[in-house]
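Enquirer: Structure in structure tokens, see below.
Protein chains: 2
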Amino acid sequence: MQQHFADTLVTRLRELGHPLCVGLDPHLDLIAPLFRRADMRPSAPETAAAVEDLLTAVLDRLVGRVAVVKPQIAFFELLGAAGIGVLERLVARARAAGLLVLLDAKRGDVGSTAAGYAGAYLAPGAACEVDAITLSPYLGLDSLEPFVRCAEANGRGLFTLVKTSNPGSGDLQDREVEGEPVYAVVARALASLTDRLAGPATGWSSLGAVVGATYPEQAERIRSLLPSGLFLIPGYGAQGASAADAVRSFVAGPSGLEGGLVSSSRGVLFPQAAQGASGAKSWERVLDDALDRATDELGDAVA
Amino acid sequence: MQQHFADTLVTRLRELGHPLCVGLDPHLDLIAPLFRRADMRPSAPETAAAVEDLLTAVLDRLVGRVAVVKPQIAFFELLGAAGIGVLERLVARARAAGLLVLLDAKRGDVGSTAAGYAGAYLAPGAACEVDAITLSPYLGLDSLEPFVRCAEANGRGLFTLVKTSNPGSGDLQDREVEGEPVYAVVARALASLTDRLAGPATGWSSLGAVVGATYPEQAERIRSLLPSGLFLIPGYGAQGASAADAVRSFVAGPSGLEGGLVSSSRGVLFPQAAQGASGAKSWERVLDDALDRATDELGDAVA
Numbered sequence: 001m002q003q004h005f006a007d008t009l010v011t012r013l014r015e016l017g018h019p020l021c022v023g024l025d026p027h028l029d030l031i032a033p034l035f036r037r038a039d040m041r042p043s044a045p046e047t048a049a050a051v052e053d054l055l056t057a058v059l060d061r062l063v064g065r066v067a068v069v070k071p072q073i074a075f076f077e078l079l080g081a082a083g084i085g086v087l088e089r090l091v092a093r094a095r096a097a098g099l100l101v102l103l104d105a106k107r108g109d110v111g112s113t114a115a116g117y118a119g120a121y122l123a124p125g126a127a128c129e130v131d132a133i134t135l136s137p138y139l140g141l142d143s144l145e146p147f148v149r150c151a152e153a154n155g156r157g158l159f160t161l162v163k164t165s166n167p168g169s170g171d172l173q174d175r176e177v178e179g180e181p182v183y184a185v186v187a188r189a190l191a192s193l194t195d196r197l198a199g200p201a202t203g204w205s206s207l208g209a210v211v212g213a214t215y216p217e218q219a220e221r222i223r224s225l226l227p228s229g230l231f232l233i234p235g236y237g238a239q240g241a242s243a244a245d246a247v248r249s250f251v252a253g254p255s256g257l258e259g260g261l262v263s264s265s266r267g268v269l270f271p272q273a274a275q276g277a278s279g280a281k282s283w284e285r286v287l288d289d290a291l292d293r294a295t296d297e298l299g300d301a302v303a
Numbered sequence: 001m002q003q004h005f006a007d008t009l010v011t012r013l014r015e016l017g018h019p020l021c022v023g024l025d026p027h028l029d030l031i032a033p034l035f036r037r038a039d040m041r042p043s044a045p046e047t048a049a050a051v052e053d054l055l056t057a058v059l060d061r062l063v064g065r066v067a068v069v070k071p072q073i074a075f076f077e078l079l080g081a082a083g084i085g086v087l088e089r090l091v092a093r094a095r096a097a098g099l100l101v102l103l104d105a106k107r108g109d110v111g112s113t114a115a116g117y118a119g120a121y122l123a124p125g126a127a128c129e130v131d132a133i134t135l136s137p138y139l140g141l142d143s144l145e146p147f148v149r150c151a152e153a154n155g156r157g158l159f160t161l162v163k164t165s166n167p168g169s170g171d172l173q174d175r176e177v178e179g180e181p182v183y184a185v186v187a188r189a190l191a192s193l194t195d196r197l198a199g200p201a202t203g204w205s206s207l208g209a210v211v212g213a214t215y216p217e218q219a220e221r222i223r224s225l226l227p228s229g230l231f232l233i234p235g236y237g238a239q240g241a242s243a244a245d246a247v248r249s250f251v252a253g254p255s256g257l258e259g260g261l262v263s264s265s266r267g268v269l270f271p272q273a274a275q276g277a278s279g280a281k282s283w284e285r286v287l288d289d290a291l292d293r294a295t296d297e298l299g300d301a302v303a
């Protein structure tokens with residue numbers, strides 16, 4: 001039977017009991033000494049090797065403990081073609097180990113170009129084949145259509161930017177259009193597409209939204225407009241939002257609150273940087289502790 | 001002396017007498033038999049070689065005849081890491097031959113991620129170092145800031161989506177916010193940044209806008225809001241806009257109308273596909289004829 005992204009994801013989240021998604025954002029200046037090389041400039045071949053070593057080790061510790069990893073493609077593009085090669089290998093390793101991969105790429109372009117992006121990431125057999133991708137809505141519904149078609153055909157997931165977690169997100173997203181903010185206009189437009197990607201087992205749609213944990217009231221409003229869409233929720237931890245704020249848009253499910261993924265990148269990947277000196281603990285122990293803390297906190301918030 | 005993107009570009013356009021920018025969008029199904037290989041699936045190694053052969057030949061015929069080439073990164077991403085390697089070599093070849101390279105990537109993300117994208121494409125020594133890039137404004141001004149800083153430091157150019165050429169661009173961009181459309185809100189926000197990238201020689205700013213040729217009246221309105229920003233104007237030719245519509249936002253300069261770049265992709269790159277059978281003419285002749293037609297038409301429109 002054809003896989004369905006939302007059904008597969010929600011089923012795994014119910015088993016795990018927490019909605020944590022770990023972001024793979026390899027900031028070069030935060031990589032621990034254990035993995036650093038002599039030359040860490042973006043164009044140095046050693047840098048791609050350091051990133052691959054770090055993230056391979058991280059992935060292996062995440063298997064069975066989280067449902068989803070979210071590589072941020074910008075940090076791989078920074079390393080050029082060698083970085084994209086690293087990304088391809090990490091994505092294949094993660095999926096082979098049973099993790100779902102959500103590529104954070106925020107792509108958006110006119111129809112024929114959007115079809116190119118969809119083929120690059122959502123088509124079976126693609127060099128960098130992932131389970132879901134993030135999209136940008138600025139160009140309009142016709143720019144999302146090739147992604148929706150590819151997701152329908154192959155059981156993939158889409159998370160479109162609605163209300164982002166950054167301080168300046170209001171510059172455009174909060175402007176009022178006929179009595180409602182731009183983010184609500186976008187959420188309404190997405191709602192017209194969710195049925196096409198609805199999961200037969202759970203009812204959740206594989207067409208979801210990116211909604212920052214830093215704006216919990218706006219998240220509740222977006223939930224009312226997009227009741228079946230899963231949310232990808234950045235901004236928890238390093239960007240200051242609490243676990244309770246992060247899950248504000250969740251609704252009751254069979255084993256607790258549900259409705260999407262709460263992502264943490266630096267807080268899990270670079271706990272040393274987030275917490276200052278780590279004393280005598282090993283790298284693995286520091287990562288495990290950060291992961292336990294996040295999954296416990298989010299598990300409590302949805303219990 | 002530090003290069004300045006807008007000054008360099010406008011100076012070259014005045015010398016050439018036309019604003020044509022050739023888009024490098026290697027649609028796999030449009031590649032001529034001369035360059036095709038047995039297996040043209042995106043993941044086949046031969047496919048990347050076919051694209052590199054085609055675009056190397058195209059680039060060599062464009063040198064001295066256009067100021068700018070615009071690779072669309074989606075079509076290279078479709079080929080995986082091998083495709084990004086092809087893009088890196090083509091970009092280096094184009095710049096070594098004196099062409100400016102504008103990467104069509106429509107990137108946009110929160111601050112630290114945006115800095116990663118800026119480093120990937122606008123930093124000296126980057127594996128895929130280009131002269132300018134296209135950006136998406138949905139996340140707000142703080143998401144553009146790392147690109148503006150990198151462009152200021154290194155004399156690069158930025159073209160942010162304002163009013164795109166596709167039929168669905170109005171879904172969001174035309175919605176009215178306090179009496180003016182979203183695209184005007186974005187243009188006003190960009191206007192607050194243009195002075196930081198103003199060219200000392202020409203007065204044109206390296207912070208420009210993407211404005212579809214298919215919406216000439218909207219282009220005039222955006223010109224009034226963003227008087228010093230260069231426009232990247234897609235939609236001429238294959239998408240149906242005339243040369244006169246494409247340059248509607250241009251203003252009088254020392255050697256004719258000026259104000260940006262008019263881009264054509266399929267019309268020049270795949271003239272056989274655009275025109276049906278090409279008879280007995282060689283591939284080179286068909287490309288040269290298409291290029292002459294576009295430069296003559298646009299040259300007349302700005303004369």
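Chains as they are written, first to last, in our numbering: chain A, 1 to 303; chain L, 1 to 303. Even for Gly, the Cβ is constructed at its ideal location relative to N, Cα and C.
1. Would you list the residues sitting across from residue 89/A in a DSSP beta bridge?
2. What residues match up with residue 134/A in a beta bridge as DSSP calls it?
3. Taking only three categories from DSSP, how would you classify residue 236/L?
4. Looking at the ligand FMN, does it come within less than 7 Å of residue 282/A, judged from the CB to the closest heavy atom?
5. Determine the extent of the alpha helix (DSSP H) in which residue 245/A is found, giving its start and end residues.
6. Report the three-state DSSP secondary structure of residue 231/L (helix, strand or coil).
7. For the alpha helix (DSSP H) holding residue 298/A, just list the boundary residues, first then last.
8. Name the chain A residues whose beta carbon is nearer than 9 Å to that of residue 128/L?
9. Would you check if the distance between the CB atom of residue 256/A and the CB atom of residue 201/A is smaller than 8 Å?
10. Check whether the region 233-250 of chain A touches the region 207-223 of chain A, taking contact to mean three or more Cβ pairs, one atom from each stretch, closer than 8 Å.
11. Which parts of the region 41-115 of chain L are runs of the beta strand (DSSP E), unbroken and 3 residues or longer, counting only runs that do not cross its ends?
12. Specify whether the region 286-300 of chain A and the region 41-55 of chain L touch according to this definition: at least 3 beta carbon pairs, one from each stretch, less than 8 Å apart.
13. Just reading off the alpha helix (DSSP H) that residue 144/L is part of, what are its end residues?
14. Which residues of chain A have a Cβ atom closer than 7 Å to the Cβ of residue 171/L, listed in chain order?
15. Give the interface partners of residue 106/L over in chain A, defined as CB-CB distance under 7 Å, in chain order.
16. Does the region 256-265 of chain A come within contact of the region 18-32 of chain A, defined as at least 3 CB pairs closer than 8 Å?
17. Around the C-beta of residue 97/A, are 16 or more other C-beta atoms found within 10 angstroms, so that it is buried, or is it exposed?
18. So, is the C-beta of residue 94/A closer than 8 Å to a C-beta in chain L?
19. Examine chain L for any beta-carbon lying closer than 8 Å to the beta-carbon of residue 259/A, and answer yes or no.
20. Does the separation of the CB atoms of residue 47/A and residue 59/A fall below 8 Å?
21. Applying the criterion that 16 or more other CB atoms from any shown protein chain within 10 Å of the CB defines a buried residue, is residue 292/L buried or exposed?
22. According to DSSP, is residue 124/L helix, strand or coil?
23. Hey, residue 253/L and residue 14/L: beta-carbon distance below 8 Å or not?
24. What three-state label does DSSP hand residue 26/A in the structure shown?
25. In whole angstroms, give me the CA-to-CA distance for residue 109/A and residue 143/A.
26. Anything in chain L within Cβ reach of residue 71/A, meaning under 7 Å, just list it in chain order.
27. Could you say which of 209/A, 33/A and 162/A lies nearest to residue 54/A if we only look at CA atoms?
28. Note down the Cα distance separating residue 36/L from residue 194/L, rounded to an integer number of angstroms.
29. Could you give the DSSP three-state label for residue 184/A: helix, strand or coil?
30. Can you tell which of 145/L, 163/L and 31/L has its C-alpha closest to the C-alpha of residue 269/L?
31. If we cut at 8 Å on Cβ distances, does residue 215/L have a partner in chain A?
32. Residues of chain L with CB under 8 Å from residue 304/A, in chain order?
33. Short of 7 Å Cβ to Cβ, which residues in the region 196-216 of chain A face chain L?
34. Could you pull out every residue in the same chain whose Cβ sits closer than 7 Å to the Cβ of residue 120/A, ignoring the five residues on either side in sequence?
35. Indicate whether at least one CB of chain A lies closer than 8 Å to the CB of residue 27/L.
36. Quick one: Cα of residue 75/A to Cα of residue 132/L, how far?
Expert: A quick look at the data gives this:
1. Along the first sequence, read from residue 1 onward, the residue named residue 89/A stands at position 89. The partner list for residue 89/A (beta bridge, DSSP) is empty, contrary to what the question assumes.
2. Along the first sequence, one-based indexing puts residue 134/A at 134. According to DSSP, residue 134/A bridges with 159/A.
3. Locating residue 236/L in the second sequence gives position 236, where the first residue counts as 1. Note: residue 236/L maps to strand in three-state DSSP.
4. The ligand FMN is not among the ligands present in this structure, which contains no ligands whatsoever.
5. By one-based count along the first sequence, residue 245/A stands at place 245. Looking at the DSSP string, the run of the alpha helix (DSSP H) that includes residue 245/A is 243-246.
6. On the second sequence, position 231 is the one that residue 231/L refers to. Of the three classes helix, strand and coil, the one that applies to residue 231/L here is strand, per DSSP.
7. Residue 298/A sits at position 298 when you count from the first residue of the first sequence. First-last of the alpha helix (DSSP H) with residue 298/A: 283-302.
8. For this step, residue 128/L is matched to residue 128 along the second sequence. Going along chain A in sequence order, the residues near residue 128/L (Cβ under 9 Å) are 77, 80 and 81.
9. As a first step, residue 256/A must be located in the first sequence, where it is residue number 256. As a first step, residue 201/A must be located in the first sequence, where it is residue number 201. No, Cβ-Cβ distance for residue 256/A and residue 201/A is not below 8 Å.
10. yes
11. 68-71 and 100-107
12. no
13. The residue labelled residue 144/L in the question sits at position 144 within the second sequence. Its alpha helix (DSSP H) spans residues 141-154.
14. Taking the first residue of the second sequence as position 1, residue 171/L is located at position 171. Here the neighbours are 140, 141 and 189.
15. By one-based count along the second sequence, residue 106/L stands at place 106. Here the neighbours are 108 and 109.
16. yes
17. Translated into positions along the first sequence, residue 97/A becomes position 97. The residue is exposed, with fewer than 16 neighbouring Cβ atoms inside 10 Å.
18. Residue 94/A sits at position 94 when you count from the first residue of the first sequence. By this cut-off, residue 94/A is not an interface position.
19. Position 259 of the first sequence, counting from 1, holds the residue named residue 259/A. No, residue 259/A does not count as interfacial toward chain L.
20. Here residue 47/A corresponds to residue number 47 of the first sequence, with the count starting at 1. Here residue 59/A corresponds to residue number 59 of the first sequence, with the count starting at 1. Contact: no.
21. Mapped onto the second sequence, residue 292/L falls at position 292. Its Cβ having fewer than 16 others within 10 Å, residue 292/L is exposed.
22. If you number the second sequence from 1, residue 124/L lands on position 124. Coil at residue 124/L, not helix or strand.
23. Locating residue 253/L in the second sequence gives position 253, where the first residue counts as 1. Locating residue 14/L in the second sequence gives position 14, where the first residue counts as 1. Closer than 8 Å, so yes.
24. One-based indexing of the first sequence puts residue 26/A at position 26. In the structure shown, residue 26/A sits in coil (DSSP, three-state: anything other than H, G, I, E or B).
25. Taking the first sequence and counting its residues from 1, the one referred to as residue 109/A is at position 109. Taking the first sequence and counting its residues from 1, the one referred to as residue 143/A is at position 143. Cα to Cα, the separation comes out at about 6 Å.
26. Here residue 71/A refers to the residue found at position 71 of the first sequence. Under the 7 Å cutoff, chain L gives no residues; its nearest Cβ is about 12 Å from residue 71/A.
27. Here residue 54/A is taken as the residue at index 54 of the first sequence, counted from 1. It is 33/A.
28. Along the second sequence, read from residue 1 onward, the residue named residue 36/L stands at position 36. Along the second sequence, read from residue 1 onward, the residue named residue 194/L stands at position 194. Cα to Cα, residue 36/L sits roughly 44 Å from residue 194/L.
29. In the first sequence, residue 184/A corresponds to position 184, counting from 1. Three-state result, residue 184/A: helix.
30. Numbered from its first residue, the second sequence carries residue 269/L at position 269. Checking every option, the nearest Cα to that of residue 269/L belongs to 31/L.
31. Residue mapping note: residue 215/L aligns to position 215 of the second sequence, counting from 1. Cβ-Cβ to chain A under 8 Å: no for residue 215/L.
32. This structure does not reach residue 304/A, given that chain A is present from 1 up to 303, and the question cannot be answered.
33. none
34. Taking the first sequence and counting its residues from 1, the one referred to as residue 120/A is at position 120. Closer than 7 Å at Cβ, skipping near neighbours: 126 and 128.
35. By 1-based counting over the second sequence, the position of residue 27/L is 27. Yes, because at least one Cβ of chain A sits closer than 8 Å to the Cβ of residue 27/L.
36. Taking the first residue of the first sequence as position 1, residue 75/A is located at position 75. Taking the first residue of the second sequence as position 1, residue 132/L is located at position 132. Roughly 19 Å between the two C-alpha positions.
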